[in-house]
Structure formats: C-alpha cells, structure tokens
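These protein sequence lines are chains A and B, in that order.
Per the working numbering, residue 1 is the first one in the first sequence, and the count goes up by one each step.
Per the working numbering, residue 1001 is the first one in the second sequence, and the count goes up by one each step.
Ideal placement from N, C-alpha and C gives every residue a C-beta, glycine not left out.
A short write-up of the structure that comes next.
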Amino acid sequence: MKYLDEFRDGETAQRLAREIRQTATRTWSIMEVCGGQTHSIVRNGLDQLLEGAVEMIHGPGCPVCVTPLELIDKALAIASQPGVIFCSFGDMLRVPGSDKDLFRIKAEGGDIRVVYSPLDALQIARQNSERQVVFFGIGFETTAPANAMAVHQAKQQGIANFSMLVSHVLVPPAIEAIMSSPTCRVQAFLAAGHVCSVMGYWQYYPLVERYRVPIVITGFEPLDLLEGIRRAVHLLEAGTPQVDNAYERAVCFEGNQPAQKLLSEVFEVADRKWRGIGEIPRSGWRLSDPYREFDAEQRFSVANITTKESPLCHSGEVLQGNLKPNECPGFGKECTPRHPLGATMVSTEGACAAYYNYGRFVAVESIH
Amino acid sequence: MCLAVPGQVKEIYGSMGTQMGRVNFGGIVKEVCLAYLPDIKVGDYTIVHVGFAIAKVDEESAHRTLDAFREMGLLDEEFGEPE
Ligand code: SF4
Chain A
1 MKYLDEFRDG
11 ETAQRLAREI
21 RQTATRTWSI
31 MEVCGGQTHS
41 IVRNGLDQLL
51 EGAVEMIHGP
61 GCPVCVTPLE
71 LIDKALAIAS
81 QPGVIFCSFG
91 DMLRVPGSDK
101 DLFRIKAEGG
111 DIRVVYSPLD
121 ALQIARQNSE
131 RQVVFFGIGF
141 ETTAPANAMA
151 VHQAKQQGIA
161 NFSMLVSHVL
171 VPPAIEAIMS
181 SPTCRVQAFL
191 AAGHVCSVMG
201 YWQYYPLVER
211 YRVPIVITGF
221 EPLDLLEGIR
231 RAVHLLEAGT
241 PQVDNAYERA
251 VCFEGNQPAQ
261 KLLSEVFEVA
271 DRKWRGIGEI
281 PRSGWRLSDP
291 YREFDAEQRF
301 SVANITTKES
311 PLCHSGEVLQ
321 GNLKPNECPG
331 FGKECTPRHP
341 LGATMVSTEG
351 ACAAYYNYGR
361 FVAVESIH
Chain B
1001 MCLAVPGQVK
1011 EIYGSMGTQM
1021 GRVNFGGIVK
1031 EVCLAYLPDI
1041 KVGDYTIVHV
1051 GFAIAKVDEE
1061 SAHRTLDAFR
1071 EMGLLDEEFG
1081 EPE
C-alpha cells in the first residue's frame, strides 16, 4: 500500500490489517459514520488494504454535506441582506445552494467572514454593535458545545445584534435511520471519537440492543481506525454485538458533563432534514425557548424558500452507503471539488471529495 | 470539521467570567475556551475543536496524534489561513 508505507507506523498497521484479514471468514460491511474518518480511510488506502475482509461504507457524518438545502438557501438569503455580517466555518462557503453559494454572495459584495470559532463571530458582533452578525452554526455533537457557549455568552452579555442559523445534527438518530432502512447493508459501525468525547457512549447501548449491531468507538488516525475495525470484525465473527471503546485516551462513558449540561440548556431536540436523506425524527437540535431570540431564522424573515437540487447528483445514495462516489455518473466529470454539484464534493470530509482528491476514479469492482 | 487537535495548555485566565487559556498545538498557539474542562491545569494536554477544549489526553498520545495529523496535512487545514 503506497500510503501506508509512507506512514510512520506502517508496520503496526500492516500487522493489524493482517489480523483483520485472517479473522474475517467473509466480507463484513462496516460503516464509519464520521466524515473525518472517511477522509483518513481513503487518504491512507485502508479500505483497499482490507479488501475482501471488510467493505467500508462511508456514512453521513459530514455536517457540511448533510446541512439541508433549505438552510443553505436561508444562509444565502440572510448573507445577502445589507448590513449583515455573515460568519461561517470556511468549508460552508462553496456548498452549492439552489443557484448560488456563499462565495458568490461574497463576490457580489456580501460581508462574509470565515471564522475559526463561533466565539470569533461573537467578538465581531461586539465590535460592530450597529450591524447584525449571524453565525452559521452547523455541526454534530462535537461542534455543539462551542455553538452553545457562543449563544449562552451572547445572552449573558446582552449582545443583541448576534444570532445563529442553527443546523445541528445528532449521530445516534442517524444510526437508527440507517439501520431501519430496508436497503441497509451495514453490519457494524465505527462511531466518531470526538462526538463521544463530548457525549460519552451510553447512548449507543440501546442501538446495539435493538439492531444487534456492534458499535466501536474510535479515532481518526490510521492505527485507531484499523484497531476499531479489528475489534468490530472480532465482534462480528463471534456474533456478540457490543459497544466497544477503542478510543479510551479521549473518550469516557459519561462524556464531558459540563458540556452536556450547557447543551441541554441552550438546545432542544428537534426533527431535522438531512440533505440527500430527508427528514429524520428527533435527529437534531434547535435553540431552546430561553435562547430562541438568538435564532437567525426568527430574526430574518426567510420562510418562503423554494429549493432546487441538481438532478445529476446522487449524494443521498452516497450518504446512505448505497452508492460509492465513483459510481455516480457526474463524478469527476460535471462534478469536481472546483465545481461541486453536491455538498459531498465540497467538504474534504465528504465522501465524493475524498474519492476525488485521492484519485479513486474507478470503482473497486471494475479494477478486477 | 469534527476533527479535534491535541495541544498543551500554556496559560489559563478568566475572561468575562469564562475560563480561557492559550494552547500550543505543535508550535501554533491559539486562544482556547477551557470552560468545559474546569479542572484543567497549565501543562495538561487537551483536544481542541473550533476553539474549545473538549477532553483531556495524555502527553504521549497528544504528540502521536499531532504527528499523524501533520503527516496527513490536517493541521494546515485546521489552522491554515482561510482562502
Ligand atoms: S460525485 Fe458530485 S454529483 Fe455525484 S453524488 Fe457526489 S457530489 Fe453528487
């Protein structure tokens, strides 16, 4: 494997891969939920290394990719309003809305600022008290404590010109939706380490119980991923579905309690649409009543939005693991990271972009 | 986007009632909110996501992770100047 040879711990990785191949008596389908893990798996060729023993199915865990089109269009509408400063993480800027993206709005004169942290947006609001400052609060449970704190501080400090366009999504309901789909092929999950650093992993026990599916918590580095896959394959072979924590150095059972406390104060569970997948019940967070005044959707009237998705794009199938990116007819032709048709081509954590960036132009099956 | 990068806490201070600090990520020093790790001390290692420390880690694994992320080009992505 080209990539793994370059990798410092190449020998350990090869040993883990050998054990996985020797243990597997058939090809197991394992989904990594998190886009950061998808990036690392494709970047390091781990899926190719394990071919025959394990098929890695790339899950919907890229918040940029699953932010619903309506919300992107709302972001575009708010960002175009005169006087607004619209702050966002950098990777949202090229996500295609129905007919524009945030970069276009910026080129047309919109005041759009890329920030590293939501607290930076809050600071911009302090410094520009005569202007409305909106932060695009997207993400999974990992990002939520940061966004919760920004809204909390805005309320505490009376920063009335700050608001947040919230699109928070949650991992356990997504696992549930995937497992209850009639076309589901997933036999085990790798759960995202940093989501669990915040939330702990107590939430996964009912899922393992209900769907008899092993869930192994692991990190983002090649060795973490291989170790996670190794444990998942052992559980699958033994027929003993369990929750297993392979990322003990950063994850404990209860997670981060102070973070969970503020999350439950600032947010409340809500139904959410996932781009390409559709609505998943109770799969996200919105601002709770005491914080609703900071909801940008309420502050700006952006209710009547009609959306238009590219007819060529199959990202919904990709996000559910039913289609590999390079099986999409637009992949690498009409759709590239420079001209993305779907969000999964925009973010480096999107499966389509990972396949494109690491040269996966043909489906694995057609190599043989 | 869900990556959290390990670093070492260099300084802790309060700012408008919130515990903040400076964290060194293999040479890049950033201001980080430490409110979610109330017991953290100077010298400790923590993983940080979008400016927030979310969990403590040990020194050895912090260095290993930093090296691995650097190798994969993820550090530039996380801290590089936005386009
Ligand atoms: S390759 Fe492009 S068009 Fe095809 S599914 Fe991915 S984002 Fe959509």
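- Considering only beta carbons, the part of the region 1039-1058 of chain B lying closer than 7 Å to chain A consists of I1047, H1049, V1050, G1051, F1052, I1054, A1055, V1057 and D1058, in chain order.
- Annotation for Q242(A): no beta strand (DSSP E) segment contains it, and DSSP assigns it neither H nor E.
- In the three-state reduction of the DSSP assignment, Y116(A) falls in the coil class.
- Straight-line measurement puts the Cα of I1047(B) at about 32 Å from the Cα of E279(A).
- For F253(A), the closest C-alpha among the options L76(A), C196(A) and F267(A) is that of C196(A).
- Nearest Cα to V186(A) within the set A75(A), C352(A) and S29(A): S29(A).
- For L1003(B), the chain A residues whose C-beta falls within less than 8 Å of its own C-beta are G36, H194 and F220, listed in chain order.
- Residues L46, F220, E221, P222 and L225 of the same chain have their beta carbon placed closer than 8 Å to that of S40(A), with the five preceding and five following residues left out of the count.
- The C-beta distance from L1075(B) to V1005(B) rounds to 7 Å, short enough to meet the 8 Å contact threshold.
- In the three-state reduction of the DSSP assignment, R1022(B) falls in the strand class.
- Where H314(A) is concerned, there is no enclosing beta strand (DSSP E), because DSSP gives it neither an H nor an E.
- Note that the C-beta distance between M345(A) and Y356(A) is below 8 Å.
- Interface flag for L119(A) against chain B is set, since a Cβ pair is found closer than 8 Å.
- A1055(B) is bridged by DSSP to I1047(B).
- Under a 10 Å Cβ-count criterion, E55(A) is classified as buried, with 16 or more other Cβ atoms of the shown protein chains found around its own Cβ.
- For V318(A), the shortest C-beta to heavy atom distance toward the ligand SF4 is below 7 Å.
- Counting only runs that start and end inside the region 167-191 of chain A, the alpha helix (DSSP H) elements of at least 4 residues fall at 171-180.
- Residues of chain A with a Cβ closer than 7 Å to the Cβ of Y1036(B) are, in chain order, P145, N256, P258 and A259.
- Interface criterion not met: the Cβ of R15(A) is under 8 Å from no Cβ in chain B.
- Listed as beta-bridge partners of I85(A) by DSSP are D111(A) and V133(A).
- A contact between stretches requires three or more CB pairs, one per stretch, nearer than 8 Å, and the region 279-297 of chain A meets this requirement with the region 154-170 of chain A.
- Under the DSSP definition of a beta bridge, G321(A) lacks any partner.
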